[in-house]
Ligand code: AMP
Ligand code: GLY
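Numbering (my numbering), first residue to last: 108 to 531.
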């Protein structure tokens, strides 16, 4: 069987890297892929018609969707209508990520623990609500806003300012015409991802990402500056709670609604001091960069699990086997990210040998006319190291990070990825 991976980030490179190591995937195509992926097909991730026409021409093909955009455009519905094999939720099931109001109402129906909330389409009513609250709040734009539509507020003035920027100034366009205001929670965050086949789930290893741009969790939110797996905060007790209180209710409630969830389901969880959990968000896909350390630790053949999920056989599969090691992914980014940055800088240091414990996953890279690898995005590389514990994985990853550079001081990275795992 051949595989088509839709997307161009570090997550897609890592999924393709893992599938290529198994015995089932003969050829792995990427659409559009990046400078680190081979067999790239020049079709954009949101061009559903072209992706469909490519897939129809292949004899035996399994399509795996990486990012949210094609899912919310209905790539799965379009492929399934043509009888093509694809792994990713339908447009309706992907609403769990595409609309925060949908996700909150869904959680209320399914009895999934989440922060108290209210939904508004009127700015004045939202402000009146804020005035009546005495607890700290979080204001969220309903629609997709590339991770920027969430404002964690210290006081009511910040909440009012967030409402104005979303609803009055329309800084997130249509994504902010509806908002969710919720109670601000405290604790430690973890990411929990599972494969779903519409009926059953198969959990992946736990992970934790680092959303803020600078060391010490300072600065703006980003897509993620690094990640590690496992997340020590998710002990076996919490693992079972997440499965029973979050993942299984999503699958059973979606099934009851007639919109089965098939694909990777990602829950962003907040764990408080007493070990109680609340869901902060759902994504209808793998996390990026969480995917990179998770793929490095996976011993089982990913293809077999995706295949079983597509066919609704996950319930009869054995648990996935993991390396008893820690994996740490350090994102190397273009200076200026998540704001504006240069592109087209030649990357030095990629041709050295990194040893078996480190893989450099590409994200924002491409090849120039001389076939050199150059920068092409904000998050450029995900240098991912394995080690017997967090400390060794950190050392292995940073040792390679220090060998890679581009431009005149053109790159930067956080120096404290996974430090929290050592502290624990
Ligand atoms: P989301 O996209 O909803 O996950 O929000 C992005 C980030 O905002 C999360 O990873 C948290 O760090 C933070 N956040 C979201 N909701 C809350 C909440 N209710 N309380 C505290 N922090 C939150
Ligand atoms: N790293 C967070 C996400 O993929 O949404």
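Ideal placement from N, C-alpha and C gives every residue a C-beta, glycine not left out.
On a predicted model such as this, the values are computed, not experimentally measured, just so you know.
Between residue 225 and the rest of its own chain, which residues show a CB-CB distance below 7 Å, the 5 nearest in sequence each way excluded?
-> Here residue 225 refers to the residue found at position 118 when the chain shown is read from its first residue. Excluding sequence neighbours, residue 225 sits near 236 and 288.
task: Compute the distance between the beta-carbons of residue 492 and residue 530, then report whether it is under 8 Å.
output: To locate residue 492, count along the chain shown from 1; it is residue 385. To locate residue 530, count along the chain shown from 1; it is residue 423. It is not a contact, given that the beta carbons lie outside the stated cut-off.
- Please report how far the alpha carbon of residue 196 lies from the alpha carbon of residue 515, in whole angstroms. As a position in the chain shown, residue 196 is number 89, starting the count at 1. As a position in the chain shown, residue 515 is number 408, starting the count at 1. Distance between the alpha carbons of residue 196 and residue 515: 42 Å.
**Q.** Check: residue 396 C-beta below 7 Å from any heavy atom of the ligand GLY
**A.** In the chain shown, the residue the question calls residue 396 occupies position 289. Yes, Cβ of residue 396 sits closer than 7 Å to a heavy atom of the ligand GLY.
Assigned exposure category for residue 351 - 16 Cβ within 10 Å defines buried: Working through the chain shown from its first residue, we reach residue 351 at position 244. Exposed.
Handout entry: Outcome for residue 395 when other beta-carbon atoms lying within 10 angstroms are tallied against a minimum of 16
Key = Within the chain shown, residue 395 is the residue found at index 288, counting from 1. With 16 or more other Cβ atoms within 10 Å, it is buried.
Enclosing alpha helix (DSSP H) for residue 236 [first to last residue]
Taking the first residue of the chain shown as 1, we reach residue 236 at position 129. Its alpha helix (DSSP H) spans residues 230-239.
What's the C-alpha gap between residue 456 and residue 117? Working through the chain shown from its first residue, we reach residue 456 at position 349. Working through the chain shown from its first residue, we reach residue 117 at position 10. Taking the straight line from one Cα to the other gives about 18 Å.
Practice prompt. Look up residue 439 in the DSSP assignment and say whether it is helix, strand or coil.
Written response: The residue you call residue 439 lines up with position 332 of the chain shown. Strand, per DSSP.
Roughly how many whole angstroms lie between the Cα atoms of residue 67 and residue 527? There is simply no residue 67 to check, as the chain begins at 108 and stops at 531 in what is shown.
> What separation, rounded to the nearest whole angstrom, lies between the Cα atoms of residue 436 and residue 301?
Replying inline: Numbered from its first residue, the chain shown carries residue 436 at position 329. Numbered from its first residue, the chain shown carries residue 301 at position 194. Cα to Cα, residue 436 sits roughly 20 Å from residue 301.
**Asked** By Cβ distance, which residues of its chain are closer than 6 Å to residue 537, with the 5 residues on each side in sequence left out?
**Response** Lying before the first or after the last residue shown, residue 537 is absent from the chain, which here runs from 108 to 531.
Item to check | C-alpha gap between residue 485 and residue 431, whole angstroms | outcome: On the chain shown, residue 485 is found 378 positions in, with the first residue counted as 1. On the chain shown, residue 431 is found 324 positions in, with the first residue counted as 1. So the two alpha carbons sit approximately 32 Å from each other.
If you drop the 5 nearest sequence neighbours on each side, which residues of the same chain put their C-beta closer than 7 Å to that of residue 223?
-> Translated into the one-based positions of the chain shown, residue 223 becomes position 116. Excluding positions up to five away in sequence, the list reads 289 and 290.
Query raised in the report: Measuring CB to CB, does residue 136 end up less than 8 Å from residue 111?
Result: For this step, residue 136 is matched to residue 29 along the chain shown. For this step, residue 111 is matched to residue 4 along the chain shown. Against a cut-off of 8 Å, the Cβ pair of residue 111 and residue 136 comes out as a contact.
- Task: Taking residue 289 as part of the beta strand (DSSP E), name the residues at either end of that continuous run.
- Result: For the purposes of this step, residue 289 is taken as residue 182 along the chain shown, with counting starting at 1. That run of the beta strand (DSSP E) goes 286-290.
- Message: Tell me the rounded alpha-carbon separation between residue 114 and residue 325.
- Response: Translated into positions along the chain shown, residue 114 becomes position 7. Translated into positions along the chain shown, residue 325 becomes position 218. Roughly 29 Å between the two C-alpha positions.
With a threshold of 16 other CB atoms inside 10 Å of the CB of residue 315, please say whether the residue is buried or exposed. Taking the first residue of the chain shown as position 1, residue 315 is located at position 208. Buried, by the Cβ-count rule.
Item checked: Residue interval of the alpha helix (DSSP H) (run including residue 174) -> The count along the chain shown starts at 1 and reaches residue 174 at position 67. That residue, residue 174, is in no alpha helix (DSSP H); it is neither H nor E in DSSP.
Entirely enclosed alpha helix (DSSP H) segments - the stretch 321-369, minimum 4 residues
343-349 and 355-364
Please go through the same chain and pick out, in chain order, the residues whose beta-carbon is closer than 7 Å to the beta-carbon of residue 523, but skip the five residues on each side of it.
If you number the chain shown from 1, residue 523 lands on position 416. So the list reads 322 and 323, once near-sequence residues are dropped.
Rounded Cβ spacing between residue 256 and residue 283 (contact assumed at less than 8 Å): For the purposes of this step, residue 256 is taken as residue 149 along the chain shown, with counting starting at 1. For the purposes of this step, residue 283 is taken as residue 176 along the chain shown, with counting starting at 1. Confirmed, about 7 Å.
ask   = Within 7 Å: the Cβ of residue 290 and any heavy atom of the ligand AMP?
value = What you label residue 290 is simply residue 183 of the chain shown in a count that begins at 1. Flag set: Cβ of residue 290 near the ligand AMP.
Helix, strand or coil at residue 388 [DSSP, three-state]:
Mapped onto the chain shown, residue 388 falls at position 281. Strand at residue 388.
Item to complete: Reducing DSSP to helix, strand and coil, say where residue 109 ends up.
Response: Residue numbering aside, residue 109 sits at position 2 when the chain shown is read from its first letter. It is a strand residue.
Spatial distance of residue 138 from residue 171 (CA atoms): Indexing the chain shown from 1 puts residue 138 at position 31. Indexing the chain shown from 1 puts residue 171 at position 64. Answer to the nearest angstrom: the Cα atoms are 10 Å apart.
| query | Quick one: does the C-beta of residue 355 sit closer than 7 Å to a heavy atom of the ligand AMP? | reply | Counted from its first residue, the chain shown places residue 355 at position 248. No - the ligand AMP has no heavy atom lying nearer than 7 Å to the Cβ of residue 355.
Report buried or exposed for residue 152, applying the criterion of at least 16 other Cβ atoms within 10 angstroms of its Cβ.
Residue 152 sits at position 45 when you count from the first residue of the chain shown. So residue 152 ends up on the buried side.
>> Let's test the definition: count the other Cβ atoms within 10 Å of the Cβ of residue 425 and tell me whether it reaches 16, buried, or not, exposed.
In response: In the chain shown, counting from the first residue as 1, residue 425 sits at position 318. Flag for residue 425 reads exposed.
> Whose C-beta lies closer than 6 Å to the C-beta of residue 388 among residues of the same chain, with five residues either side of it excluded?
Replying inline: Residue mapping note: residue 388 aligns to position 281 of the chain shown, counting from 1. So the list reads 375, once near-sequence residues are dropped.
| query | Can you find at least 3 beta carbon pairs, one from the stretch 398-413 and one from the stretch 474-485, that sit closer than 8 Å? | reply | no
- Task: State buried or exposed for residue 369, treating a residue as buried only when at least 16 other CB atoms are found within 10 Å of its CB.
- Result: Position 262 of the chain shown, counted from the first residue, corresponds to residue 369. The residue is buried, with at least 16 neighbouring Cβ atoms inside 10 Å.
Fill in: Residues of its chain near residue 243, where Cβ-Cβ distance is below 7 Å and the 5 sequence neighbours each way are ignored
Within the chain shown, the letter at position 136 stands for residue 243. Only 260, 261 and 291 meet the Cβ criterion.
### Message
Just to check my reading of the structure: residue 214 and residue 167 have Cβ atoms closer than 8 Å, yes? What is that Cβ distance to the nearest angstrom?
### Response
For this step, residue 214 is matched to residue 107 along the chain shown. For this step, residue 167 is matched to residue 60 along the chain shown. Incorrect: roughly 39 Å between the Cβ atoms, too far for contact.
Less than 6 Å between C-beta atoms, sequence neighbours within five positions excluded: which residues of the same chain meet that for residue 385? For this step, residue 385 is matched to residue 278 along the chain shown. 220, 221, 222, 292 and 377, listed in sequence order.
C-alpha gap between residue 512 and residue 462, whole angstroms: If you number the chain shown from 1, residue 512 lands on position 405. If you number the chain shown from 1, residue 462 lands on position 355. The alpha-carbon atoms of residue 512 and residue 462 are separated by roughly 19 Å.
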